[in-house]
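Okay, structure first, notes after.
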Amino acid sequence: MLRELYCYRLRRRLCTTQSTERATLRLVFNSGSHRSYITEEVCHKLSLRILGKKDLVIATFGNTGKRRQSCKIAQAVLETNDGNTLVLNLMVFPLICEPLVGVSLRDCIRGYDHLKDLDLADPGTNGDVIKLDILIGLDYYWDIVSGEVLRGDSGPTATYLSLGWLLSGPVASDSTTLVTYVLTCGVRAEQLQKFWEIESLGICEKESTLYDQFKKNVTFDGTRYEVTLPWREDVSSIPDNYQLSLKRLNGLLRRLRKNPTLLEKHNKAIVTQLDSGIVEVVENPTRTDIERVHNLPHHCVVRGDKETTKLRIVYDASTRSTGPSLNECLYVEPKFNQIIMELLVKFRVHKCAFIADIEKAFLMISVGKQDRDVLKLFG
Numbered sequence: 012m013l014r015e016l017y018c019y020r021l022r023r024r025l026c027t028t029q030s031t032e033r034a035t036l037r038l039v040f041n042s043g044s045h046r047s048y049i050t051e052e053v054c055h056k057l058s059l060r061i062l063g064k065k066d067l068v069i070a071t072f073g074n075t076g077k078r079r080q081s082c083k084i085a086q087a088v089l090e091t092n093d094g095n096t097l098v099l100n101l102m103v104f105p106l107i108c109e110p111l112v113g114v115s116l117r118d119c120i121r122g123y124d125h126l127k128d129l130d131l132a133d134p135g136t137n138g139d140v141i142k143l144d145i146l147i148g149l150d151y152y153w154d155i156v157s158g159e160v161l162r163g164d165s166g167p168t169a170t171y172l173s174l175g176w177l178l179s180g181p182v183a184s185d186s187t188t189l190v191t192y193v194l195t196c197g198v199r200a201e202q203l204q205k206f207w208e209i210e211s212l213g214i215c216e217k218e219s220t221l222y223d224q225f226k227k228n229v230t231f232d233g234t235r236y237e238v239t240l241p242w243r244e245d246v247s248s249i250p251d252n253y254q255l256s257l258k259r260l261n262g263l264l265r266r267l268r269k270n271p272t273l274l275e276k277h278n279k280a281i282v283t284q285l286d287s288g289i290v291e292v293v294e295n296p297t298r299t300d301i302e303r304v305h306n307l308p309h310h311c312v313v314r315g316d317k318e319t320t321k322l323r324i325v326y327d328a329s330t331r332s333t334g335p336s337l338n339e340c341l342y343v344e345p346k347f348n349q350i351i352m353e354l355l356v357k358f359r360v361h362k363c364a365f366i367a368d369i370e371k372a373f374l375m376i377s378v379g380k381q382d383r384d385v386l387k388l389f390g
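Number 390 marks the last residue of the sequence shown (my numbering); no jumps.
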C-alpha cells in the first residue's frame, strides 16, 4: 500500500517586526495560491504589525459561487537556516485548514538511498495533531524554494528550501486510511463535452483550427524543425521576470557550490546545449525595441536511477511574478486522438514495426527567431 506524505509542511520560527516576540510555527507551501496567509490566532499571539486591509474574492474548489472577505494585512519576519530573515506581508484569516495527523518522516524515508542524511525541515512525529499556522503562496514561494530537487527510482521527492529539505510523494506503508472525505459536485458542461469528443476520436473545431495554423508555421531547414509559439489572441504583454529569474539563479548557485561535482555537471549540461545549438548567447541583451521579452528560471533535477541523463536542466515556464506566466500566454496542445488512432492502425497492418527514441526530442525542435526573446535564461 502507498501512503501520501503531507506535502510541503515544516516548522519554522517567526517573529514580529515590532518586538522580540518569537514563536515556532507550522508552515504549508501552496504554489497554487497567489497570496500568503496567517491565522488570526497567531497574529494576535505575536501582536503583529497591521499594515492595512484588503478585500478578497474567494472561490473554493468544487464551487462555482464566490464570496468577498475583508482581511487584515500583517507583517512578520521569517528566520531561515542560514541566519537570514525574510519579511512577510500576510493576509490574516480565521483558519487555513483543519488540523492534520502527523507522521514521522524519518521512519517513512528509511530505506531510500537518495534521502539519507538529509536535514529535514520538519521530521514530524507519529500521531501529532498538526495545526497549520501559515500558508506560503507564490508571492514568497520562490524566495524560499531554491529549486534543487532530489529524486530516486522510488519513494518521495526532496526539495531544498532555505529552511531545510522538504519531502513530498508516496511511501510504502501497511497502514490503512482512517478518515475518508467525500466531495460531491455537479457535472459541468465542459465535462460532458469531453465524452462526445473522445467518442468521435476527433479534434474539435477550435482545436482543429489551432492545429492547422501550427502545421503551417512548421519549417524544416534540413537538420531541424522550427516552430513558432502559439500565442493567445488576448495576450497584449508579458512580464520580463528579470529580477525573479536572477534571484532563482543566485539561489541555485548557492546550493550547487556546496556540491562541486553537481555544479560541474550542471555547467557541462549548459555548455553541451550551447555547443549543440539548443541555446544561444544573446548578442545584445540591452535592446529595448523588442515587443516581448521574458526570462525563464531554471533548475536541475538529479536522477540517480538513470543510466544516461542523471542530471537534466528544467526550464520553468509556469513561473509568474507581476503578470501571467509564459504558459498562460500560450495555447495548450490540441487532443491528438485521431492521429493516435491512425498510428495504431498502421501498426496492425504490417507484420513488423520499427520504433526509435530521439535523444532530448523536445530540445531538438528550434523556436522561430521572432519568439526567442521570451525564452531568455541566465546561464
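Don't be surprised by glycine CBs; every beta carbon is placed ideally from N, CA and C.
In this structure, the CA atom of S173 is about 7 Å from the CA atom of D93. Distances from the CA of T234 to each of V68, G288, D164 were compared; the closest alpha carbon is that of G288.
L386 and P250 have their C-alpha atoms roughly 12 Å apart. Annotation note: the stretch 38-115 contains the following uninterrupted alpha helix (DSSP H) runs of length 4 or greater, listed N- to C-terminal: 51-56. Pairing N278 with H55, the inter-Cα distance amounts to about 48 Å. For E32, no beta strand (DSSP E) segment is defined, and its DSSP state is neither H nor E.
Judged by DSSP secondary structure, S256 falls within the alpha helix (DSSP H) whose first and last residues are 253-267. Taking the Cβ atoms as the reference, K142 lies roughly 25 Å from P181, outside the contact range of under 8 Å.
Between the C-alpha atoms of G175 and V103 there is a straight-line separation of about 26 Å. Within a 10 Å sphere around the beta-carbon of T50 sit 16 or more other beta-carbons, which makes this residue buried.
According to DSSP, N338 shares a beta bridge with no other residue. Taking a cut-off of 8 Å for Cβ pairs, the stretch 297-312 and the stretch 221-230 do not touch, as fewer than three such pairs fall below it. Taking V68 as reference, the option from G334, D154, H45 with the minimal CA-CA separation is H45. A contact between stretches requires three or more CB pairs, one per stretch, nearer than 8 Å, and the stretch 304-314 meets this requirement with the stretch 242-262.
V156 sits buried, since 16 or more C-beta atoms from the chains shown fall within 10 Å of its C-beta. The Cβ atoms of I281 and I351 do not sit closer than 8 Å to each other.
Beyond the five residues adjoining it in sequence on each side, C340 comes within less than 7 Å, by CB distance, of W242, R243, V246, I249 in the same chain, given in chain order. For the pair T239 and Q381, the CB atoms are nearer than the 8 Å cut-off. Beyond the five residues adjoining it in sequence on each side, K83 comes within less than 7 Å, by CB distance, of I61, K64, V103 in the same chain, given in chain order. Y152 is positioned such that its CB atom lies closer than 8 Å to that of F40. Going by DSSP, L285 is part of the alpha helix (DSSP H) stretching over 271-286. Between the alpha carbons of R37 and V140 lies a gap of roughly 11 Å.
Within its own chain, the residues whose Cβ lies closer than 6 Å to the Cβ of K77, once the five positions on either side in sequence are excluded, are V68, A70, listed in chain order.
Just so you know, the alpha carbons of A169 and V360 end up roughly 46 Å apart. Between R314 and R162, the CB-CB gap stays under 8 Å.
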